[in-house]
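K.L.:
Each step along the sequence shown adds one to the number in my numbering, with nothing skipped, and position 308 is 1367.
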Amino acid sequence: MSALRLILEEMISSAPERRLPFEQVMRLALYHPQHGYYGPGPRRIGRSGDFFTSVSTGPLFGRLLALLARQEWEKLGRPADFTLIEQGAHDGQLAEDILAALDIPGARYAIVEPNPVYREVQKARLGDRVIWLESIRQAPAHALYLCNELPDAFPVHLVRWQGGMWQELHVDASWHCVTGAPSTPELVNEIEKLPRDLAPGHTMEICLAALDWIREIAAAPFRGAVFIADYGLDAEEFLARPEGTLRRYRNHRTDDRILDDLGESDLTAHVNFTRLIAEAEACRLKTADYDHQGRFLTRLAAPWLRTLEGRGLDGTTLRQFQSLTHPAILGRSFRCLLLEKTDDFTTGEGLN
Ligand SMILES: C[S@@+](CC[C@H](N)C(=O)[O-])C[C@H]1O[C@@H](n2cnc3c(N)ncnc32)[C@H](O)[C@@H]1O
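(1) Which term fits Lys1345, buried or exposed, when burial requires 16 or more other beta carbons within 10 angstroms of its beta carbon?
(2) Less than 8 Å between the beta carbons of Pro1214 and Leu1089, yes or no?
(3) Confirm the yes/no value for this check: CB of Leu1153, any heavy atom of ligand 3, distance under 7 Å.
(4) Taking the DSSP output, what are the residues bridged to Glu1399?
(5) Report yes if the C-beta of Asn1174 is less than 7 Å from at least one heavy atom of ligand 1; otherwise report no.
(6) Could you tell me if the beta carbon of Ile1144 falls within a distance shorter than 7 Å of some heavy atom in ligand 1?
(7) Run the CB neighbour count on Ser1324, radius 10 Å, all protein chains shown included, and call it buried at 16 or more, exposed below.
(8) For Leu1397, collect the residues of the same chain with a Cβ closer than 7 Å to its Cβ; drop the 5 residues on either side in sequence, then sort them by chain order.
(9) Could you tell me which residues DSSP puts in a beta bridge with Ala1263?
(10) State the beta-bridge partners of Ala1169 as determined by DSSP.
(11) Over the uninterrupted beta strand (DSSP E) stretch that includes Gly1239, give me the two end residues.
(12) Excluding the 5 residues preceding and the 5 following Glu1338 in the sequence, name in chain order all residues of the same chain whose CB lies nearer than 6 Å to its CB.
(13) Buried or exposed: which applies to Ala1277, given that a residue is buried once 16 or more other Cβ atoms fall within 10 Å of its Cβ?
(14) Nearest to Val1218 by CA position, among Glu1076, Asp1150, Ile1250, is which residue?
(15) Under the rule that 16 or more other beta-carbon atoms within 10 Å means buried, what is Leu1043, buried or exposed?
(16) Could you tell me if the beta carbon of Trp1125 falls within a distance shorter than 7 Å of some heavy atom in ligand 1?
(17) Is the stretch 1127-1139 close to the stretch 1089-1104, with three or more CB pairs under 8 Å?
(18) Quick check on DSSP: helix, strand or coil for Glu1302?
(19) In whole angstroms, what separates the C-alpha of His1311 from that of Thr1112?
(20) Looking at Thr1327 and Asp1211, is the spacing between their C-beta atoms short of 8 Å?
(21) Out of Glu1208, Glu1179, Ala1169, Phe1141, which has the shortest C-alpha to C-alpha gap to Gln1352?
(22) Does the count of Cβ pairs from the stretch 1166-1186 and the stretch 1225-1236 closer than 8 Å reach three?
(23) If we count Cβ pairs, one from each stretch, closer than 8 Å, do we get three or more for the stretch 1188-1195 versus the stretch 1299-1308?
(24) Check for me: the beta strand (DSSP E) holding Leu1079 runs from which residue to which?
(25) Ordered along the chain, which non-local residues of its own chain (more than five positions away) have a Cβ less than 7 Å from that of Val1247?
(26) Since Thr1142 and Ala1062 should fall inside the 8 Å C-beta cutoff, what is the C-beta to C-beta distance between them, to a whole number of angstroms?
(27) Starting from the N-terminal side, write out each stretch of the beta strand (DSSP E) that is 3 residues or longer and does not extend beyond the stretch 1325-1370.
(28) Count the other C-beta atoms from every protein chain shown that fall within 10 angstroms of the C-beta of Trp1220, then say buried if there are 16 or more, exposed otherwise.
(29) What is the DSSP secondary structure of Tyr1290, counted as helix, strand or coil?
(30) With 16 other CB atoms within 10 Å as the buried threshold, where does His1329 fall?
(31) Can you give me the Cβ contacts of Ile1195 inside the same chain, cut-off strictly under 8 Å, excluding the 5 residues immediately before and after it?
(32) At a cut-off of 7 Å, is Ala1198 close to ligand 1 when judged by its beta-carbon and the heavy atoms of the ligand?
(33) Apart from the five residues just before and just after Asp1231, which ones in its own chain have a Cβ nearer than 6 Å to its Cβ?
(34) When every heavy atom of ligand 1 is checked, does at least one fall within less than 7 Å of the C-beta of Leu1209?
(35) Which value, in whole angstroms, describes the spacing of the CA atoms of Glu1069 and Gly1151?
(36) In the DSSP assignment, what residue or residues form a beta bridge with Glu1227?
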């Protein structure tokens, strides 16, 4: 039996009802410092890893985000202290790609990275071209915050409609998912927002961590914009998935055997963009754009493509553009959200 499974079995046997909310199991499966999937250091992403991301398709994604940064810098009136802030920077590949294409005089690049092992890996790749922030609360006055595939990697609570009520899924000592009362008041609060006219057994994920995260970004002391790219659905689309969207990824294969080989596979759930946007707007962030990645990136790239004046993209770049934008590859399942952050902040630990 794996070390992580032993740790979890001990936690389950000492829990009051001999079971743990699924969210706690997923949190450790992903982030246990030694035995979690992401805990010990960045795994390979791409052909030799477990899954692809827009970053692993090649440097074009970073080049396009450099254009986005320039656009947001100009909207802010070209401030001298503009900073790109990335979270979920993994091995630093996206930062490297953006920096190679960035055309903003004096701009800085900061990474929010809580894991010291990841910081070391990022430092080895990027050296003194970036700075690290302990938290988004240290953001400078003017910034573009960006992340790719971050909230899909947050642990989720699982809830199931039982006909008369929603219940939470917990993991018991025999490694079965059993229903029980919601484990926190925040979860009860979210459950109240869910529909009730569903077939019994309908299962959904609730990501309280994503709501905490967007509130923290909204409260951070910077003006500018927030860019979030991830695969996700609108609330209505979740209703067409009665089994939920939680998946296990290993060697480019995906299935719903979530509790198999915990810590060795990536576990991930689609982002509920409707709920995320509602929370962002409740915290005074304003939706500037929200669309399928294909359409969003095509609009972003349009002025640059026009400057090529009929010369067209080279074959490699064209293939990357197709991977990022084609509806059957990453263009439709991935969504891009751009939020404006216009509040004027005068307090905070901001960088000078
Ligand atoms: C699916 S990977 C995406 C990596 C990279 N952004 C890409 O697109 O290739 C998710 C990453 O988010 C990181 N992560 C999860 N929670 C985080 C947090 N609170 N702060 C910073 N990084 C986090 C994980 O360690 C992992 O590196």
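A virtual CB, placed ideally from N, CA and C, is assigned to each residue, including glycine.
P.N.:
Looking at the coordinates:
(1) exposed
(2) Their beta carbons are under 8 Å apart, which means Pro1214 touches Leu1089 by this criterion.
(3) Questions concerning ligand 3 fall outside what the structure shown contains, since the ligands it does hold are ligand 1.
(4) Ala1284, Lys1345
(5) yes
(6) Not so, every heavy atom of ligand 1 lies at least 7 Å from the Cβ.
(7) buried
(8) Beyond the five residues adjoining it in sequence on each side, Leu1397 comes within less than 7 Å, by CB distance, of Ala1284, Phe1286, Ala1347, Asp1348 in the same chain, given in chain order.
(9) First, the amino acid is wrong: residue 1263 is Met here, not Ala. In DSSP, Met1263 forms a bridge with Val1218.
(10) Ile1144, Ile1190
(11) 1236-1239
(12) Only Leu1270, Ile1273 meet the Cβ criterion.
(13) buried
(14) Considering only alpha carbons, the answer is Ile1250.
(15) Shown here, the chain extends from 1060 to 1411; a query on residue 1043 therefore has no answer.
(16) Checking the displayed sequence, the identity of residue 1125 turns out to be Ala instead of Trp. Incorrect: Ala1125 has no Cβ contact closer than 7 Å to ligand 1.
(17) no
(18) coil
(19) 11 Å
(20) yes
(21) Glu1208
(22) Taking a cut-off of 8 Å for Cβ pairs, the stretch 1166-1186 and the stretch 1225-1236 do not touch, as fewer than three such pairs fall below it.
(23) no
(24) Unbroken beta strand (DSSP E) run through Leu1079: 1078-1080.
(25) Pro1241
(26) Not quite, the Cβ-Cβ distance comes to about 40 Å (not below 8 Å), so this is no contact.
(27) 1325-1327, 1345-1351
(28) buried
(29) strand
(30) Label assigned to His1329: buried.
(31) Ile1144, Gln1146, Val1171, Tyr1204, Glu1275, Ile1276, Ala1279, listed in sequence order.
(32) no
(33) Excluding the 5 residues flanking it on each side, Asp1231 has same chain C-beta neighbours closer than 6 Å at Arg1078, Val1237, in chain order.
(34) It does: the Cβ of Leu1209 is within 7 Å (strictly closer) of some heavy atom of ligand 1.
(35) Going from the Cα of Glu1069 to the Cα of Gly1151 covers about 36 Å.
(36) Val1218, Gly1239
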